[in-house]
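Asks: Below you'll find the structure I mean.
There are 2 protein chains.
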Amino acid sequence: MPTSRSYRDSCGIARALDVVGERWALLVVRELLLVPQRFSELRHALPHASSNLLADRLRELEHHGVIGRRKLTSTAGPQVYELTEWGRKLEPIVLALGDWGIDAPNPPEPTSLSATSVLIFLRGAARPDSPPIVCRLDLDGSVWTVCVASGKVQVHSGEPATADISLRTDPKTLGSLLADPASLDTALAEGSVALVGDLLALKRLLYGG
Amino acid sequence: MPTSRSYRDSCGIARALDVVGERWALLVVRELLLVPQRFSELRHALPHASSNLLADRLRELEHHGVIGRRKLTSTAGPQVYELTEWGRKLEPIVLALGDWGIDAPNPPEPTSLSATSVLIFLRGAARPDSPPIVCRLDLDGSVWTVCVASGKVQVHSGEPATADISLRTDPKTLGSLLADPASLDTALAEGSVALVGDLLALKRLLYGG
DNA sequence: CCGCATCCGATTGGATACTG
DNA sequence: CAGTATCCAATCGGATGCGG
Chain A
11 MPTSRSYRDS CGIARALDVV GERWALLVVR ELLLVPQRFS ELRHALPHAS SNLLADRLRE
71 LEHHGVIGRR KLTSTAGPQV YELTEWGRKL EPIVLALGDW GIDAPNPPEP TSLSATSVLI
131 FLRGAARPDS PPIVCRLDLD GSVWTVCVAS GKVQVHSGEP ATADISLRTD PKTLGSLLAD
191 PASLDTALAE GSVALVGDLL ALKRLLYGG
Chain B
11 MPTSRSYRDS CGIARALDVV GERWALLVVR ELLLVPQRFS ELRHALPHAS SNLLADRLRE
71 LEHHGVIGRR KLTSTAGPQV YELTEWGRKL EPIVLALGDW GIDAPNPPEP TSLSATSVLI
131 FLRGAARPDS PPIVCRLDLD GSVWTVCVAS GKVQVHSGEP ATADISLRTD PKTLGSLLAD
191 PASLDTALAE GSVALVGDLL ALKRLLYGG
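Sequence order for the protein chains is A and B.
Add 10 to the 1-based position in the first sequence for this note's numbering, that's all there is to it.
Add 10 to the 1-based position in the second sequence for this note's numbering, that's all there is to it.
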């Protein structure tokens, strides 16, 4: 009679929530939107989730077919978690939920902000009509490529072939920069942001124009 | 130090989940998408949620500004819960989540299916390019108007001014009908669906064509 | 270190009963 | 009808352990 934890409701909304409605589940999906990640990377991205809980969610999401795991090297070695084809269809929903949540009150400090989160926000905020640019972005040591070209903003993991500008900072600082353009100068001055390349190009990328 | 139940993550997605991520919250929102509802109506729509939990969620959603409560008569009397302007912005997100959840495995029986759920599904499934029609729909005693006109499908609570066809059934039967067109004839025969008007018009409304 | 599993106190969810 | 009060089971969060 434990009747599991299902909503036992035939509606598609309830059935979706049976799969991704439990605590942390959609944040795991968020983390996997840009790139497959390893267990330890997910832990770093979601520092307020305990390890057992994260392991539970990953197992459940895998069991429901939202994510899969793939070995990086054949036969024993590190593995990454990635969205399945079905799981990837959550992307527009999760992004829309993020837009909606912008208007919510801020959570109590201290807060976390993962690289994936801020990159998703940057991708949505960057003006696609700004001039083409390739930016190398080093966030907490992991390297990303932000590319604006022909009206599209792309973000993916790894080194760019060539870069117009190069930025090194951490997710929370980048988040502050996006929220408050005025903070860019002081961040550069105190070294929390290191820039190689044209400052004006960076401002166009982050704030449009 | 209880550090509440917040995700403590600055990302908009996490902040949205701080508001509507708790159990039952989004199903309450779903119930209020079509029409404001009273406490007892919500209980009937979500029979697997206990009363204290429903009261808790309503209080929290109100506190966060997703829903509000309004007195039907001035000074003491019944009250209804309704979405705020901000809460109404969840509609496309919740509908998209429902579309995604259609592909999820069905929950274990027995399942519930509220009038709102099935009407939302009907509204999305009905072909807007079918001929104009006004349908009076009596679901478990509450009356709705389904109106197809000029390429739009509308569903709202209450009696239509005039109706081309009139249907009386319950949400679960209507859900079965939408899922399986072949079940319509037997449902009519055994009386679980009562139709007044043109059967062909009903089939066009439910299944397109 | 990485990828979990185990243990435990604090919260939360669920069912029933009860009150204004 | 519209919720509270109460009790108990399940879950969460945090710390720790542990094999590879």
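In this text, a Cβ means the ideal position worked out from N, Cα and C, and glycines have one as well.
This structure is a prediction, so every number in the text was calculated from the model and none was measured.
1. Exposed or buried, what is V206/A when buried is set at 16 or more other beta-carbons lying within 10 Å of its beta-carbon?
2. Three Cβ pairs or more, each shorter than 8 Å: is that satisfied between the region 103-115 of chain A and the region 103-113 of chain B?
3. How many angstroms separate the CA atom of Y91/A from the CA atom of A189/A?
4. In angstroms with no decimal places, state the Cα-to-Cα distance between R48/B and L27/A.
5. Would you say Y217/A lies against chain B (beta-carbon separation less than 8 Å)?
6. Use the C-beta contact count for P117/B: other C-beta atoms within 10 angstroms, 16 or more gives buried, fewer gives exposed.
7. Is W96/A close to chain B, meaning its C-beta is less than 8 Å from at least one C-beta of that chain?
8. For the alpha helix (DSSP H) containing I103/B, list its first residue and its last residue.
9. Quick one: what's got a C-beta closer than 6 Å to R79/A's C-beta in the same chain, skipping five residues either side?
10. Which whole-angstrom value is the C-beta distance of L129/A and L177/A, which I expect to be below 8 Å?
11. Terminal residues of the continuous beta strand (DSSP E) containing H166/B?
12. Could you tell me which residues DSSP puts in a beta bridge with V158/A?
13. Beta-carbon separation of A173/A and R137/A under 8 Å?
14. Measure from the C-beta of D180/B to each C-beta in chain A and report whether the shortest distance is under 8 Å.
15. Report buried or exposed for P120/B, applying the criterion of at least 16 other Cβ atoms within 10 angstroms of its Cβ.
16. Assuming A197/A and L187/A are in contact, meaning their beta carbons sit under 8 Å apart, how far apart are those beta carbons, in whole angstroms?
17. List in chain order: all unbroken beta strand (DSSP E) runs of 3+ residues lying wholly within the region 192-218 of chain A.
18. Any beta carbon from chain B within less than 8 Å of P191/A's own beta carbon?
19. I need the DSSP call for D190/A, collapsed to helix, strand or coil.
20. By the three-class DSSP mapping on this structure, what secondary structure does M11/A have?
21. Does chain B have any CB closer than 8 Å to the CB of K162/A?
22. Locate the alpha helix (DSSP H) running through R133/B, then write down its first and last residues.
23. With a threshold of 16 other CB atoms inside 10 Å of the CB of R69/A, please say whether the residue is buried or exposed.
24. Is the beta carbon of L43/B less than 8 Å from the beta carbon of L56/B?
25. Can you list the residues of chain A that H73/B reaches, using a CB-CB cut of under 8 Å?
26. Which residue marks the beginning of the alpha helix (DSSP H) containing R40/A, and which one marks its end?
27. Within a Cβ cutoff of 8 Å, which residues of the same chain sit near P12/A, ignoring the five residues on either side of it in sequence?
28. Label G218/B either buried or exposed according to how many other C-beta atoms from any shown protein chain fall within 10 Å of its C-beta, with 16 as the threshold for buried.
29. So what does DSSP say about G22/A, is it helix, strand or coil?
30. Sorted by chain position, which residues of the same chain lie with C-beta nearer than 6 Å to L93/B's C-beta, five sequence neighbours on each side aside?
31. Tell me the rounded alpha-carbon separation between I23/A and I112/B.
32. Here's a check: name, in chain order, each residue in its chain whose Cβ is nearer than 6 Å to the Cβ of S16/A, leaving out the five neighbours to either side.
33. Kindly indicate the opening and closing residues of the beta strand (DSSP E) around R178/B.
34. At 3 residues or longer, what runs of the beta strand (DSSP E) sit wholly inside the region 42-103 of chain A?
35. Any beta carbon of chain B sitting closer than 8 Å to that of P12/A?
Replies: Let me spell this out:
1. Along the first sequence, one-based indexing puts residue 206/A at 196. Of the other Cβ atoms in all chains shown, fewer than 16 fall within 10 Å of the Cβ of V206/A; this residue is therefore exposed.
2. yes
3. Taking the first residue of the first sequence as 1, we reach residue 91/A at position 81. Taking the first residue of the first sequence as 1, we reach residue 189/A at position 179. The alpha-carbon atoms of Y91/A and A189/A are separated by roughly 31 Å.
4. Taking the first residue of the second sequence as position 1, residue 48/B is located at position 38. Taking the first residue of the first sequence as position 1, residue 27/A is located at position 17. Those two C-alpha atoms are separated by around 23 Å.
5. On the first sequence, residue 217/A is found 207 positions in, with the first residue counted as 1. By this cut-off, Y217/A is not an interface position.
6. As a position in the second sequence, residue 117/B is number 107, starting the count at 1. P117/B should be labelled buried.
7. The residue you call residue 96/A lines up with position 86 of the first sequence. Interface residue, yes.
8. Within the second sequence, residue 103/B is the residue found at index 93, counting from 1. Start and end: 101-111.
9. Taking the first residue of the first sequence as position 1, residue 79/A is located at position 69. Q89, Y91, listed in sequence order.
10. Sequence index remark: in the first sequence, residue 129/A carries index 119 (1-based). Sequence index remark: in the first sequence, residue 177/A carries index 167 (1-based). 12 Å between Cβ atoms; not a contact.
11. Stepping through the second sequence from its first residue, residue 166/B is reached at position 156. Taken as a continuous stretch (DSSP letters only), the beta strand (DSSP E) holding H166/B covers 162-167.
12. Counting from one through the first sequence, the residue named residue 158/A turns up at place 148. V158/A pairs with I143/A, V163/A.
13. The residue labelled residue 173/A in the question sits at position 163 within the first sequence. The residue labelled residue 137/A in the question sits at position 127 within the first sequence. Result no, Cβ atoms of A173/A and R137/A do not sit closer than 8 Å.
14. Position 170 of the second sequence, counting from 1, holds the residue named residue 180/B. It does not; no Cβ of chain A falls within 8 Å.
15. Mapped onto the second sequence, residue 120/B falls at position 110. The residue is exposed, with fewer than 16 neighbouring Cβ atoms inside 10 Å.
16. Against the first sequence, residue 197/A aligns to sequence position 187. Against the first sequence, residue 187/A aligns to sequence position 177. Contact holds; Cβ gap of about 6 Å.
17. 204-206
18. Here the question's residue 191/A lines up with position 181 in the first sequence. So, not an interface residue.
19. Looking up residue 190/A in the first sequence gives position 180. Coil.
20. Numbered from its first residue, the first sequence carries residue 11/A at position 1. Legend: pLDDT at M11/A = 32, less than 50; position of this residue unreliable, value from coordinates given subsequently. Note: M11/A maps to coil in three-state DSSP.
21. For the purposes of this step, residue 162/A is taken as the residue at position 152 of the first sequence. No, K162/A lies away from the interface with chain B (no Cβ there is under 8 Å from its Cβ).
22. Position 123 of the second sequence, counted from the start, is the residue given in the question as residue 133/B. Run containing R133/B: 125-135, per the alpha helix (DSSP H) assignment.
23. Taking the first residue of the first sequence as position 1, residue 69/A is located at position 59. Exposed is the call here.
24. Locating residue 43/B in the second sequence gives position 33, counting from the first residue. Locating residue 56/B in the second sequence gives position 46, counting from the first residue. No.
25. As a first step, residue 73/B is located in the second sequence; it is residue number 63 there, counting from the start. Going along chain A, no residue has its Cβ under 8 Å from H73/B, so there is no contact; the nearest lies around 10 Å.
26. As a working mapping, residue 40/A is identified with position 30 in the first sequence. Residues 35-41.
27. As a first step, residue 12/A is located in the first sequence; it is residue number 2 there, counting from the start. Summary for P12/A: the model assigns pLDDT 40, below 50, so the residue's position carries little reliability, and this model does not support an answer.
28. Position 208 of the second sequence, counting from 1, holds the residue named residue 218/B. It is exposed - the Cβ of G218/B has fewer than 16 other Cβ atoms within 10 Å.
29. The count along the first sequence starts at 1 and reaches residue 22/A at position 12. In the structure shown, G22/A sits in a helix (DSSP, three-state: H, G or I).
30. Against the second sequence, residue 93/B aligns to sequence position 83. Exclusion of the five residues before and after L93/B leaves L42, I77 as the residues of its chain whose Cβ lies within less than 6 Å of its Cβ.
31. Within the first sequence, residue 23/A is the residue found at index 13, counting from 1. Within the second sequence, residue 112/B is the residue found at index 102, counting from 1. The straight-line gap from Cα to Cα measures roughly 8 Å.
32. Here the question's residue 16/A lines up with position 6 in the first sequence. Answer for S16/A: D28, listed in chain order.
33. Start at 1 with the first residue of the second sequence, and residue 178/B comes out as number 168. Element bounds for R178/B: 175-179.
34. 77-81, 89-93
35. Here residue 12/A refers to the residue found at position 2 when the first sequence is read from its first residue. Low confidence applies to P12/A: its pLDDT is 40, below 50, so where it sits in the model is not reliable, and the reading given next is rough at best. No, P12/A does not count as interfacial toward chain B.
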